[in-house]
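For the record, the sequence lines run as chains X and E. Residue numbers for the first sequence follow UniProt numbering, so the first one is 1 and each next one is one higher. Residue numbers for the second sequence follow UniProt numbering, so the first one is 1 and each next one is one higher. All C-beta atoms in this analysis are idealised placements derived from N, C-alpha and C, irrespective of residue type, glycine included. Okay, structure first, notes after.
There are 2 protein chains.
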Amino acid sequence: MASTRERIVTATAELFRRNGYTGTGLKQIVGRAEAPFGSLYHFFPGGKKQLGAEVIREAGLPYAALFDIYIASADDLVAGIEQAFAGAGETLVETDYADACPIATVALEVASTDDGLRRATAEVFEAWLATGTEACSTFGLSREAARALAIATVTSLEGAFVLSRSLRSTEPLDAAGATVAARARELLSTSAGSARHPRG
Amino acid sequence: MASTRERIVTATAELFRRNGYTGTGLKQIVGRAEAPFGSLYHFFPGGKKQLGAEVIREAGLPYAALFDIYIASADDLVAGIEQAFAGAGETLVETDYADACPIATVALEVASTDDGLRRATAEVFEAWLATGTEACSTFGLSREAARALAIATVTSLEGAFVLSRSLRSTEPLDAAGATVAARARELLSTSAGSARHPRG
DNA sequence: TAAGTTCTAGATAGATCGCTCTAGTGAGAG
DNA sequence: CTCTCACTAGAGCGATCTATCTAGAACTTA
């Protein structure tokens, strides 16, 4: 069994993802984590805010690896993007439209209400964009084009999650994937650099 | 002064937009609306859920008109899309990154927790997509292409709002606008139909 | 005027919120 | 063995949550 601290973080991340920050209670967290209430304030003396900030970072940062899995290691940039959106759609359906972005709900909740938590979400998004820019720039795109495409990928995924979860349909995710793919083709065609994988 | 019911709806919409559903208390609502607590349950006997559902619809549906303003009445589809994203960015900056989508935060909060409220958000998004599809199809796009572009517009806006509010920057909104514009050009170029505005 | 309806007004209930507090447990160090 | 300290355990605090309740004001209609 994982350590108490780990169980608290994991349980909080799961509850934040589904119920958001204000929708998640501390009693609910320790209940799901099977942890004593006192342990929560032992590990997170700053209370809910400290726990929230650490969960945002610990749950969010690992998702940057998806850029490596889907984009950086793909033979074709456009195909990699399409597979990323398809994979997101599969996860969404498998979890009954519950597990999408780990921090999006919290990010919107705290954007105008708590600057400390907002900064935590901003750090995660910036980390994703940095990894995404790196992944995209290996295909011969300029730094600016790679960052633009990374932003397009993340924003389209986030927005598609909003609509797909609300409509309970992967149609928004499909349309968003096609849109980012179009942008990738456009940026590749105007790129002066050579594609990394013109032929394996 | 607006009617008590109207003041309650307006105040709730403003609070939902910034603080979300669970982050908004009924006392807070009647306080801002300058309405007696009893009136809230007089007009909304179903309590917070009924109020929430009606606010989602009443606050969300009018935004469909933005498709008419920015897209349907534009001379050029791509330019209209770019102006829509630029306008969203201006609003965001003017309101200190607070006023973005009126229902996005609530939509994510309730997607997996309350099916009645989820359906209310789904109705609003579908209404937007219907208006958006109508607006895009006047430029000679097929029904499928017009709907794909409408979805791309809404999802990109929603996702860009998430990142822009978190990062406190319009960069995501700019990149998202360029992405949807690229998709519009692609769909227009492969469209068999004739553009509505090839020349005034 | 009288009766009836709509809306205002807010006290209050019962549950839950984040958080603090004290007490106890258990493993490793000296 | 004893001391120490990290951790467990949960009762309970004041505040706030949604919701209910009664009472009265204001307006409409007979």
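Item, Value
"Buried versus exposed call for X:Ser189 [16 or more other C-beta atoms within 10 Å across all chains shown]", "exposed"
"E:Ser142 in three-state terms, based on DSSP", "coil"
"CB contact below 8 Å: E:Leu77 versus chain X", "no"
"DSSP three-state assignment for X:Asp114, whether helix, strand or coil", "coil"
"X:Val110 beta carbon less than 8 Å from that of X:Thr121", "yes"
"Burial state of X:Arg199, where buried means 16 or more other Cβ atoms lie within 10 Å", "The pLDDT assigned to X:Arg199 is 37, lower than 50, so where the model puts this residue is not dependable, and the model offers no usable value."
"Short CB-CB distance (under 8 Å) between X:Thr113 and chain E", "yes"
"Within-8 Å CB hit, E:Glu14 to chain X", "no"
"Minimum C-alpha distance to X:Ile56 - residue among X:Gln83, X:Gly159, X:Ala107, X:Glu82", "X:Ala107"
"is_contact[E:Val180, chain X] using C-beta, thresh 8 Å", "yes"
"Element boundaries [alpha helix (DSSP H), containing E:Arg17]", "4-19"
"C-beta neighbour in chain X for E:Thr121, strict 8 Å", "yes"
"Residue closest to X:Val93, alpha-carbon to alpha-carbon, out of E:Asp75, E:Ala182, E:Ser112, E:Ala79", "E:Ser112"
"Under 8 Å between C-beta atoms of X:Ala2 and X:Ala59", "no"
"Contact between the segment 155-170 of chain E and the segment 150-158 of chain X (3+ Cβ pairs under 8 Å)", "yes"
"Beta carbon proximity, X:Gly23 to chain E, threshold 8 Å", "yes"
"Three or more C-beta pairs below 8 Å linking the segment 117-136 of chain X and the segment 29-38 of chain X", "no"
"Within chain X, the residues that E:Ile151 reaches when beta carbons sit closer than 9 Å", "Ala160, Leu163, Glu171, Pro172, Asp174, Ala175, Ala176, Thr179"
"Helix, strand or coil at X:Ile71 according to DSSP, with G and I counted as helix", "helix"
"X:Arg199, DSSP secondary structure in three states", "For X:Arg199, the predicted model reports a pLDDT of 37, less than 50, meaning its position is unreliable and no value from the coordinates is stated."
"Counted within 10 angstroms of its Cβ, other Cβ atoms place X:Ser166 as buried (16 or more) or exposed", "buried"
"Complete runs of the beta strand (DSSP E) confined to the segment 18-67 of chain X [at least 3 residues]", "none"
"Per-residue contacts from E:Ala107 into chain X (C-beta, under 8 Å)", "Val162, Arg165, Ser166"
"Chain-ordered chain X contacts of E:Ala98 [CB-CB under 7 Å]", "Ser112"
"Within chain E, partners of X:Glu126 - CB distance below 8 Å", "Leu167"
"From E:Ile8, E:Leu141, E:Arg18, residue whose alpha carbon lies closest to that of E:Glu186", "E:Leu141"
"For E:Thr170 and E:Gly87, believed in contact at Cβ under 8 Å, the rounded distance", "Actually they do not touch by this definition, with Cβ atoms about 11 Å apart."
"Members of the UniProt domain \"HTH tetR-type\" (2-62) of chain E near chain X, C-beta cut-off 7 Å", "Arg18, Asn19, Gly20, Thr22, Gly23"
"Residue environment, X:Ser137, which counts as buried when at least 16 other CB atoms sit within 10 Å", "buried"
"Proximal residues of chain E, C-beta to C-beta of X:Arg118 below 7 Å", "Ser166"
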